[in-house]
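For the record, the sequence lines run as chains A and B. Be aware that the first sequence starts at 1, since it is given in my numbering, and climbs by one per residue. Be aware that the second sequence starts at 1, since it is given in my numbering, and climbs by one per residue. All C-beta atoms in this analysis are idealised placements derived from N, C-alpha and C, irrespective of residue type, glycine included.
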Amino acid sequence: MMKRILEELNDKIGARGSLVITRDGIPIASTARAEFDTERVAALTQKTLAACGAMVRRLGHESVDRFYLTADSGRMIFVELESAYLVVITRLSADAEQVMLEVDSAARQIERATRITV
Amino acid sequence: MISTFGLVKKLQRRREIQKISQEVASDPSPAKIETLCERVAATKGPRAALDAVERGLEQFPWSEKLQVLAFGLAKAVAKDELEEITRAIAESPTPEAYGRLAERFRQLGDEDEAIRVCRECAARFPQNENAFLVEGRLRTDRYRNTGLARDGVLAVEKLERAVVLNEDNLRARQLLGGLYADIGAFGRALPHLRFLKMHGAPDERLQTLLDDAEAAGGSVESSAEIAALFAAASPAGSIADGDTARSDAPHATEPNLEPVLRDVREMNGVREVVTTRRTDMAPEDPDGASLESVARAIFAIASESLVEMEMGNLRHAQISGPQGQLLLFSLGSSEVSVLTEPRATSQDIRERVLSASRIENGRGANGERRR
Numbered sequence: 001m002m003k004r005i006l007e008e009l010n011d012k013i014g015a016r017g018s019l020v021i022t023r024d025g026i027p028i029a030s031t032a033r034a035e036f037d038t039e040r041v042a043a044l045t046q047k048t049l050a051a052c053g054a055m056v057r058r059l060g061h062e063s064v065d066r067f068y069l070t071a072d073s074g075r076m077i078f079v080e081l082e083s084a085y086l087v088v089i090t091r092l093s094a095d096a097e098q099v100m101l102e103v104d105s106a107a108r109q110i111e112r113a114t115r116i117t118v
Numbered sequence: 001m002i003s004t005f006g007l008v009k010k011l012q013r014r015r016e017i018q019k020i021s022q023e024v025a026s027d028p029s030p031a032k033i034e035t036l037c038e039r040v041a042a043t044k045g046p047r048a049a050l051d052a053v054e055r056g057l058e059q060f061p062w063s064e065k066l067q068v069l070a071f072g073l074a075k076a077v078a079k080d081e082l083e084e085i086t087r088a089i090a091e092s093p094t095p096e097a098y099g100r101l102a103e104r105f106r107q108l109g110d111e112d113e114a115i116r117v118c119r120e121c122a123a124r125f126p127q128n129e130n131a132f133l134v135e136g137r138l139r140t141d142r143y144r145n146t147g148l149a150r151d152g153v154l155a156v157e158k159l160e161r162a163v164v165l166n167e168d169n170l171r172a173r174q175l176l177g178g179l180y181a182d183i184g185a186f187g188r189a190l191p192h193l194r195f196l197k198m199h200g201a202p203d204e205r206l207q208t209l210l211d212d213a214e215a216a217g218g219s220v221e222s223s224a225e226i227a228a229l230f231a232a233a234s235p236a237g238s239i240a241d242g243d244t245a246r247s248d249a250p251h252a253t254e255p256n257l258e259p260v261l262r263d264v265r266e267m268n269g270v271r272e273v274v275t276t277r278r279t280d281m282a283p284e285d286p287d288g289a290s291l292e293s294v295a296r297a298i299f300a301i302a303s304e305s306l307v308e309m310e311m312g313n314l315r316h317a318q319i320s321g322p323q324g325q326l327l328l329f330s331l332g333s334s335e336v337s338v339l340t341e342p343r344a345t346s347q348d349i350r351e352r353v354l355s356a357s358r359i360e361n362g363r364g365a366n367g368e369r370r371r
């Protein structure tokens, strides 16, 4: 179910990859192009989110809902789910607004799906 | 038996090469040269074939077929040499060996690795111009391919350093003269072009650039003006695309950003705005709770992860939560951090910050180039 949501998301926004990982950085579901090393991305995501989360807490921000990074060769979007993170990697040329709408929609679908199956 | 068979084969190939060589000599064509190179590569290896294709390119410099072949062979040669140079460096490092290694990585298309080698060389041999020249060339190529201002700024910075270390480095001066002239920094271009005219081979393009530079006149541009001119010439404005490595270039964008940042501070929902110098150094107060120290730490963490994920360098980051948003921008040699209320419109803030240097760095209100 989760994989299908991710596949649809990738198709809609032409994402290079998307994955759902646990808070510990373990991939639960992923759909990504061959060049993607899912395990590595998951581990780095967990490390980045944990370190940046600790930093923003110093500013009095107790939690982070979303985290976007724009780099030379693409964008990374991290959305906090109930007990996991959704990570999406897109091309730089992708329409940012459309990407966010679709990512939000996918995040909601994943949360619903998780609630039903748990 | 096998060796006799091998010898016969070898002789046959040699005769074949001789025959094609004669055909190439009597009636040269790119197709014949290509066939010859393929045979030479099969018998004598890619180095000999590359020599042959380079001779062919002297006769047919615009042949796409030969250019493609030369590129492929250069890559094969570079790969072969890579291991050998790496071993030589491990045994006895020299700036020349580092220069060759960086050049090979460049030929293989691995620019990041080439730059890393240059940096290692510069750290070990800071008085040798080789590494600065190779990195300068790499950045120049990248600037010309992508138009990214940051690469242009870093290219001139490295090349200037190469010229300081060896004022007779004509290649560095040639690249500098071309880059400065391209962005209209004729005051900076002039001494390099004059030096090349006096000490280099006669060159029609050089004379044209020199004429343009002398006609334009004007004073020598400051480093801040150079950064602004690169930004104005770049299709992406001055948005940095360079690495997070520490740069010796002056803090070029900060004064230009100031008026816009004042506006940003006034925008709805903005709590705090800080600008810091781009650096790879750890924050002065790593445990601090100031926006500056938190932003610098996040820049460092995110940049490192993106490089590890092979996504390139960080341009912009945004962290949103119920208590507010933190927006980070990488602009030239500056980093801008904006802390907002939860409901502030991040898109407006982002557009305002990103428009800053485009307006100030050499373009008027209507987008026309200022001189």
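With residue i as the anchor, note down where its alpha helix (DSSP H) starts and where it stops.
{"i": "G187(B)", "result": "186–199"}
{"i": "M1(A)", "result": "Looking at the DSSP string, M1(A) is not in any alpha helix (DSSP H), and its letter there is neither H nor E."}
{"i": "E204(B)", "result": "204–216"}
{"i": "M55(A)", "result": "38–57"}
{"i": "D80(B)", "result": "64–91"}
{"i": "F125(B)", "result": "Note, F125(B): premise wrong, no alpha helix (DSSP H); not H, not E."}
{"i": "P95(B)", "result": "95–107"}
{"i": "L229(B)", "result": "223–233"}
{"i": "D151(B)", "result": "149–165"}
Give me, in chain order, the residues of the same chain whose beta-carbon lies closer than 8 Å to that of residue i; leave out the 5 immediate sequence neighbours on both sides.
{"i": "D24(A)", "result": "Q46"}
{"i": "H199(B)", "result": "D168, L170"}
{"i": "P28(B)", "result": "G56, Q59, F60"}
{"i": "G14(A)", "result": "T90, R91, A94"}
{"i": "E16(B)", "result": "R39"}
Listing by chain order, which chain B residues have their CB less than 9 Å from the CB of residue i?
{"i": "S63(A)", "result": "G321, P322, Q323"}
{"i": "L120(A)", "result": "Chain A is shown from 1 up to 118; residue 120(A) falls before or after that span and cannot be answered."}
{"i": "K3(A)", "result": "Result: empty, since nearest Cβ-Cβ is about 22 Å, beyond 9 Å."}
Between which residues of its own chain and residue i is the CB-CB distance below 6 Å, once the five residues before and five after are set aside?
{"i": "I5(A)", "result": "A106, Q109, I110"}
{"i": "G53(A)", "result": "V64"}
{"i": "A172(B)", "result": "L133, L159, A162, V163"}
{"i": "A282(B)", "result": "With a pLDDT of 47 at A282(B), under the threshold of 50, the modelled position of this residue cannot be trusted; read the value that follows with caution. Answer for A282(B): no residue qualifies."}
{"i": "F67(A)", "result": "F78"}
{"i": "R16(A)", "result": "R33, I89"}
With respect to the beta strand (DSSP E) encompassing residue i, which residues constitute its N-terminal and C-terminal limits?
{"i": "S330(B)", "result": "324–331"}
{"i": "Q59(B)", "result": "Careful: Q59(B) lies outside any beta strand (DSSP E), inside the alpha helix (DSSP H) at 46–59."}
What residues are listed by DSSP as bridge partners for residue i?
{"i": "I17(B)", "result": "None, per the DSSP bridge assignment."}
{"i": "V307(B)", "result": "In DSSP, V307(B) forms no bridge with anything."}
{"i": "G17(A)", "result": "A32(A), I89(A)"}
{"i": "T275(B)", "result": "V336(B)"}
{"i": "P27(A)", "result": "I21(A)"}
{"i": "R66(A)", "result": "V79(A), S320(B)"}
{"i": "L314(B)", "result": "A71(A)"}
{"i": "V270(B)", "result": "T340(B)"}
{"i": "A84(A)", "result": "T22(A)"}
Measure from the alpha carbon of residue i to the alpha carbon of each residue in the options, then state which is nearest.
{"i": "C118(B)", "options": "Q127(B), F132(B), G109(B)", "result": "F132(B)"}
{"i": "R343(B)", "options": "S334(B), L331(B), I319(B)", "result": "I319(B)"}
{"i": "A102(B)", "options": "E91(B), T94(B), S92(B), R116(B)", "result": "R116(B)"}
{"i": "A70(B)", "options": "P30(B), P93(B), Y98(B)", "result": "P30(B)"}
{"i": "I183(B)", "options": "L229(B), S334(B), I17(B)", "result": "L229(B)"}
{"i": "A97(B)", "options": "A122(B), K75(B), G109(B)", "result": "A122(B)"}
{"i": "L66(B)", "options": "L50(B), E81(B), K79(B)", "result": "L50(B)"}
{"i": "R142(B)", "options": "K9(B), I298(B), G109(B)", "result": "G109(B)"}
{"i": "G217(B)", "options": "I226(B), F195(B), A224(B), A189(B)", "result": "A189(B)"}
{"i": "T94(B)", "options": "Q107(B), V68(B), Q127(B)", "result": "Q127(B)"}
{"i": "D122(A)", "options": "K44(B), A25(B), M309(B)", "result": "The requested residue 122(A) does not occur in the structure, where chain A is confined to residues 1 to 118."}
{"i": "R87(B)", "options": "R100(B), A76(B), E266(B)", "result": "R100(B)"}
{"i": "Y85(A)", "options": "L69(A), L9(A), A29(A)", "result": "A29(A)"}
{"i": "R265(B)", "options": "R124(B), K44(B), R352(B)", "result": "R352(B)"}
Find the residues of chain A that neighbour residue i, judging by a C-beta separation of less than 7 Å, and give them in chain order.
{"i": "E308(B)", "result": "L44"}
Which bits of chain B does residue i rub up against, with CB to CB less than 7 Å?
{"i": "S73(A)", "result": "M311, G312"}
{"i": "A51(A)", "result": "I301"}
{"i": "L69(A)", "result": "A302, L306, L314, A317"}
{"i": "V41(A)", "result": "M309"}
{"i": "R66(A)", "result": "S320"}
{"i": "T90(A)", "result": "In chain order: nothing, as chain B lies at least about 11 Å away."}
Excluding the 5 residues preceding and the 5 following residue i in the sequence, name in chain order all residues of the same chain whose CB lies nearer than 7 Å to its CB.
{"i": "T140(B)", "result": "A155, L175, L179"}
{"i": "V118(A)", "result": "Note on V118(A): pLDDT 42, under 50, position unreliable in the model; the coordinate value appears next. None."}
{"i": "Q347(B)", "result": "none"}
{"i": "A78(B)", "result": "R104, Q107, L108"}
Can you list the residues of chain A that residue i reaches, using a CB-CB cut of under 8 Å?
{"i": "R14(B)", "result": "Those within 8 Å of R14(B) in chain A number zero; the least Cβ separation is about 43 Å."}
{"i": "L291(B)", "result": "L59"}
{"i": "L339(B)", "result": "L59"}
Residue i touches chain B at which residues, Cβ-Cβ below 8 Å?
{"i": "R23(A)", "result": "The premise fails here: R23(A) is roughly 16 Å from chain B at the closest Cβ pair, so nothing lies under 8 Å."}
{"i": "V56(A)", "result": "V294, I298, I319, G321, L326"}
{"i": "M76(A)", "result": "L306, M309, M311"}
Can you find a C-beta in chain C that's less than 8 Å from the C-beta of residue i?
{"i": "K12(A)", "result": "Among the protein chains of the structure shown, namely A and B, there is no chain C."}
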